[in-house]
Structures are given as structure tokens and as C-alpha cells.
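This report concerns only the one structure given below.
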Amino acid sequence: MAALVSQGRACRASTSTAPGTGVPPAALRTAKITGAYIAAIGICLVVAPTTLFGLVFDVVELQRLWIRVFGSLCALLGWYYFGAARDGSRGFLEATVSGRFVLALLLLAIVGSEGVRLPHTGDSFASWFRSSHMGLVLLAATNAAGAAAMHRALRRPT
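Counting from 342, one number per residue, gives the positions in the sequence shown under my numbering.
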């Protein structure tokens with residue numbers, strides 16, 4: 342946790358910022374990219390919940406209604422990222438760094454608590470991927486990579 346706090350301090354130490362925002366331009370670009378992909382995933386989950394969700398998770402484990410709720414939350418988070426990128430909300434962007442690292446750790450802990458299933462002979466990759474909770478590992482990796490990208494972007498000069 343101390344590392345996450347020190348990362349936040351390092352992010353605030355950056356001096357090169359976009360005019361009038363207090364946020365480095367690279368961080369604003371990173372927020373726009375994050376907002377776009379989170380919103381796109383969210384909208385797809387609302388429109389075609391089982392199709393998209395079924396690519397990485399076992400659809401039987403979750404009802405269609407809750408997949409749509411998750412999609413709605415993703416779309417809303419995308420909206421937040423766009424707003425932060427537009428207005429240069431440094432506090433929000435800094436909070437996403439530690440928040441997404443913590444989310445990645447929590448997702449990995451959930452997978453660990455469920456047990457990791459190794460592939461068996463005859464399993465298709467897609468079947469094994471969905472049944473072994475590897476979708477959560479992929480989600481954890483995506484969030485850790487996004488947090489690292491935002492951390493670097495907040496520290497980067499113009």
C-alpha cells in the first residue's frame with residue numbers, strides 16, 4: 342500500500358502540464374484511450390451481453406441482466422475518463438492508478454480463491470479459458486497495464 346501512496350506522490354511531482362489543466366498531455370491522451378475502450382466494452386455488453394461476455398467468461402455463471410449492469414457501469418466509467426481528460430482532473434486520474442492496481446490484485450485473489458484449473462487433454466483453448474477464470478486474469482492484467490500507463494503518463498513531461 343505504501344508503494345501505491347508513493348506512486349501518487351510521484352504523479353503529483355510532475356511539472357510539465359497541458360495548458361490550464363495541471364495535467365500532462367500524455368495523461369490526457371491515456372485517459373481518452375481508456376475512456377474509449379471502457380465505454381465501447383460497456384456499450385457492447387449492454388447491446389449483446391452474452392456474445393461479448395461469452396468470449397472470455399462462462400455465460401452460465403452469470404445472468405444476462407447482471408452482464409448488462411456490468412456493461413452499464415463500464416460505459417459510465419468510460420464517460421468519467423472522458424470528462425477527466427477534457428477538464429484535466431488530475432485527482433481523478435491519480436486515483437485511477439492506485440485503484441486499478443488494487444482491482445488487479447483483488448481479481449487475482451478471487452481467481453486464487455476459486456482455484457486455477459489446468460487444461461486437460463481434449464479441452465479446447467476457449468473452453469478451458471472460460472472455465473478456469475482466465476478472463477479475470479486477463480481483466481487483472483488489463484487493469485494493471487492501464488494503471489502503469491497512466492502512472493507513466495502522469496509523470497511524463499510534455
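The beta-carbon is built from N, C-alpha and C at its ideal position, and this holds for glycine as well.
Check	Outcome
Could you have a look at M475 and say whether DSSP puts it in helix, strand or coil?	helix
Have a look at A344 and S439 and give me their C-alpha separation to the nearest angstrom.	Below a pLDDT of 50, predicted positions are generally treated as unreliable, and A344, at 48, falls in that range; the measurement from the model is reported next regardless. Going by the C-alpha atoms only, they are around 9 Å apart.
Answer with buried or exposed for G419, where buried requires no fewer than 16 other C-beta atoms within 10 angstroms of its C-beta.	buried
Would you kindly work out how many angstroms separate the C-alpha atoms of A372 and A485, rounded to a whole number?	15 Å
With DSSP as the reference, label I464 as helix, strand or coil.	The sequence shown places Asp at residue 464, not Ile. DSSP places D464 in coil when its eight states are reduced to three.
If I'm right that L444 touches G412 with Cβ under 8 Å, what's the distance once you round it to whole angstroms?	Not really, about 17 Å apart at Cβ, beyond 8 Å.
Would you say F398 and R471 are within 7 Å of each other, going by their C-beta atoms?	yes
With DSSP collapsed to three states, give me the class of V457.	coil
Output needed for R458: all residues of its chain with C-beta closer than 6 Å, excluding positions within five of it in sequence on either side, in chain order.	S473
Of the residues V400, L446 and A481, which one's Cα is nearest the Cα of S468?	V400
Provide the residue span of the alpha helix (DSSP H) that contains P366, from first to last.	P366 to V388
So, at 7 Å on beta carbons, what are the nonlocal neighbours of F423 in its own chain, with the 5 sequence-adjacent residues on each side left out?	K373 and G376
When burial is assigned at 16 or more other CB atoms within 10 Å of the CB, is E402 buried or exposed?	exposed
When you compare the CB positions of F433 and A426, do they come within less than 7 Å of one another, or not?	no
Starting from the C-beta of V452, find all residues in its chain whose C-beta is less than 7 Å away, skip the five residues before and the five after it, and write them out in chain order.	H474, L477 and V478
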